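So the protein sequences, as listed, match chains C and A. For what it's worth, our numbering labels the leading residue of the first sequence as 419, then goes sequentially. For what it's worth, our numbering labels the leading residue of the second sequence as 413, then goes sequentially.
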Amino acid sequence: MNERTISSAVRGSVVEEDVELTIVELCRACRTSEHEIELWVVEGVLQPRGASRESWRFGGDALARIRLATRLRRDLDVNTSGVALALDLLDRIAELESRLAR
Amino acid sequence: MKYKDYYETLGVPRTATQDEIKQAYRKLARKYHPDVSKLADAEARFKEINEANEVLKDPEKRTAYDQMGSNWKAGQEFQPPPNWDAGFEFRSGQGSPFGAGGTFGAGADFDPSDFFESLFGRRGAGAGAGRRRASAQGEDHHAKVLIDVEDAYRGAERTISLRAPVEGPDGRIEIQERTLDVHIPKGIRPGQHLRLAGQGNAGIGGGKAGDLYLEIAFNPHSRFRVDGADVYVDLPLAPWEAALGATVDVPTPDGAVQLTVPKGSAAGRKLRLKGRGLPGKNPGDFYALLAIVVPKAETDAARTAYESLAKAFPNFQPRPNS
Numbered sequence: 419m420n421e422r423t424i425s426s427a428v429r430g431s432v433v434e435e436d437v438e439l440t441i442v443e444l445c446r447a448c449r450t451s452e453h454e455i456e457l458w459v460v461e462g463v464l465q466p467r468g469a470s471r472e473s474w475r476f477g478g479d480a481l482a483r484i485r486l487a488t489r490l491r492r493d494l495d496v497n498t499s500g501v502a503l504a505l506d507l508l509d510r511i512a513e514l515e516s517r518l519a520r
Numbered sequence: 413m414k415y416k417d418y419y420e421t422l423g424v425p426r427t428a429t430q431d432e433i434k435q436a437y438r439k440l441a442r443k444y445h446p447d448v449s450k451l452a453d454a455e456a457r458f459k460e461i462n463e464a465n466e467v468l469k470d471p472e473k474r475t476a477y478d479q480m481g482s483n484w485k486a487g488q489e490f491q492p493p494p495n496w497d498a499g500f501e502f503r504s505g506q507g508s509p510f511g512a513g514g515t516f517g518a519g520a521d522f523d524p525s526d527f528f529e530s531l532f533g534r535r536g537a538g539a540g541a542g543r544r545r546a547s548a549q550g551e552d553h554h555a556k557v558l559i560d561v562e563d564a565y566r567g568a569e570r571t572i573s574l575r576a577p578v579e580g581p582d583g584r585i586e587i588q589e590r591t592l593d594v595h596i597p598k599g600i601r602p603g604q605h606l607r608l609a610g611q612g613n614a615g616i617g618g619g620k621a622g623d624l625y626l627e628i629a630f631n632p633h634s635r636f637r638v639d640g641a642d643v644y645v646d647l648p649l650a651p652w653e654a655a656l657g658a659t660v661d662v663p664t665p666d667g668a669v670q671l672t673v674p675k676g677s678a679a680g681r682k683l684r685l686k687g688r689g690l691p692g693k694n695p696g697d698f699y700a701l702l703a704i705v706v707p708k709a710e711t712d713a714a715r716t717a718y719e720s721l722a723k724a725f726p727n728f729q730p731r732p733n734s
């Protein structure tokens with residue numbers, strides 16, 4: 419409220435809008451392995467820019483998606499194609515629910 | 413401390429085979445997984461199910477648990493009997509059944525109850541220690557922050573408290589709490605994440621600190637509904653406002669605005685205020701969803717008014733196809 423004081427609050431960047439992640443950053447943020455990230459790319463769950471693994475850049479929305487995928491795989495013991503299917507279905511449910519809520 | 417009946421949690425008899433336990437666990441985990449389930453208590457139930465499974469899926473832990481007898485009832489006041497675990501391996505190592513680098517099936521989010529810890533030890537002692545190197549970057553930390561829709565229109569500050577493992581002077585890992593003032597930028601959307609560089613867990617041996625990721629969620633609002641970048645409000649109208657057109661005040665998270673309702677508006681029609689949704693590079697839209705409220709005919713004058721309305725529309729068919 420007080421315009422004179424400069425806030426000491428920490429500022430961050432909005433991952434989904436301002437951030438691109440390398441495979442190393444994505445692994446660290448999602449606590450998963452590069453191998454697992456590769457599996458998600460093969461499965462089509464992630465579509466990075468860049469031709470080779472080293473030059474892959476992931477959009478910020480990959481963060482939430484991989485965290486969700488990792489939790490489902492780990493907690494429910496579902497294989498990658500099963501998780502990919504679950505993610506597609508969860509997307510559809512979310513879309514229908516938000517249509518209902520409007 | 414209360415006794416927990418792990419068999420009851422998984423809904424299996426004490427005589428269940430390991431396969432039956434696995435089956436029961438899988439079924440319940442799918443039903444109550446917080447990412448999948450819409451049940452209000454899903455998260456708490458999922459935690460209970462996981463803890464029960466941690467014990468019952470492991471023949472050694474299960475035997476130790478069974479050894480305490482079957483006379484206990486869930487919720488009963490409980491202390492582990494002295495030396496109840498004599499002869500079992502899981503107490504060896506760092507006072508933790510999982511030792512350095514040990515992993516839970518339930519993964520990093522496993523958060524055992526006091527009951528579990530009193531039997532099988534604290535996980536904290538072993539956590540993170542297994543992969544310790546001479547120097548390592550701290551782990552990234554994740555937390556969730558709840559804001560109001562108005563905060564997303566204007567930007568806001570939030571003080572959050574974080575609990576993170578920190579290496580003490582004696583080299584042991586302890587949980588430390590700290591608070592952090594965070595600026596929530598204008599235009600943030602539900603489900604988006606803020607990355608705060610270097611605000612994650614401390615590095616080890618001079619390693620860089622990890623990052624802090626904050627997931628943004630919105631408190632439900634009594635009036636406004638947020639869908640991505642768009643914001644919706646219900647706008648009730650009197651029948652004559654809808655029929656004849658009107659200029660009405662509409663609340664938005666940014667303050668009231670005047671909206672022109674075109675004549676002949678039907679209930680369910682959406683009026684759009686372009687760019688008045690959540691702000692940002694691509695601002696969302698604001699929608700007023702029209703509803704028509706019919707006043708009750710409680711006075712003679714009101715009844716007369718409805719009767720003359722009926723007379724004025726002799727050919728009106730509210731149900732054209734019936």
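Each residue gets a CB set at the ideal place from its N, CA and C atoms; glycine is no exception. Computed from a prediction, not measured in an experiment: that's the story for all the values here.
Excluding five sequence positions before and after residue 493 of chain A, the CB atoms of its chain that fall closer than 8 Å to its own CB belong to 480, given in chain order. Here DSSP, grouped into helix, strand and coil, assigns residue 593 of chain A to strand. If you check the CB distance, residue 613 of chain A and residue 550 of chain A come in under 9 Å. DSSP places residue 427 of chain A in no alpha helix (DSSP H); its state is neither H nor E. Here the segment 702-709 of chain A lies against the segment 641-659 of chain A, with 3 or more beta-carbon pairs under 8 Å apart.
At a C-beta separation below 9 Å, residue 445 of chain A has these neighbours in chain C: 489, 490, 493 and 494. Taken atom to atom, the span from the alpha-carbon of residue 481 of chain C to that of residue 458 of chain A is near 23 Å.
Taking the C-beta atoms as reference points, residue 438 of chain C is found no nearer than 9 Å to residue 693 of chain A. At a beta-carbon threshold of 7 Å, the residues of chain C lying near residue 644 of chain A are 520, ordered along the chain. Of the candidates A:661, A:484 and A:552, the residue whose Cα lies closest to the Cα of residue 620 of chain A is A:552. Scanning chain A for C-beta atoms nearer than 8 Å to the C-beta of residue 516 of chain C yields 639 and 640, reported in chain order. Interface flag for residue 460 of chain A against chain C is unset, since no Cβ pair is found closer than 9 Å. Here DSSP, grouped into helix, strand and coil, assigns residue 510 of chain C to helix.
Interface flag for residue 699 of chain A against chain C is set, since a Cβ pair is found closer than 9 Å. Runs of the alpha helix (DSSP H) lying entirely within the segment 430-454 of chain C and spanning at least 4 residues, in chain order: 433-436 and 441-448. For residue 552 of chain A, the nearest beta carbon of chain C is closer than 9 Å to its own beta carbon. If you look at residue 698 of chain A, you'll find it in the beta strand (DSSP E) that goes 698-704. Residue environment analysis places residue 470 of chain C among the exposed positions, since fewer than 16 neighbouring C-beta atoms fall within 10 angstroms of its C-beta. Here residue 442 of chain C has no same chain residue with a Cβ atom under 6 Å from its own Cβ, once five neighbours each way along the sequence are excluded.
Shown here, residue 465 of chain C sits in coil according to DSSP, grouped into three states, outside any helix or strand. Below the 7 Å Cβ cutoff, chain A contributes 592, 593, 594, 595, 608 and 611 as neighbours of residue 428 of chain C, in chain order.
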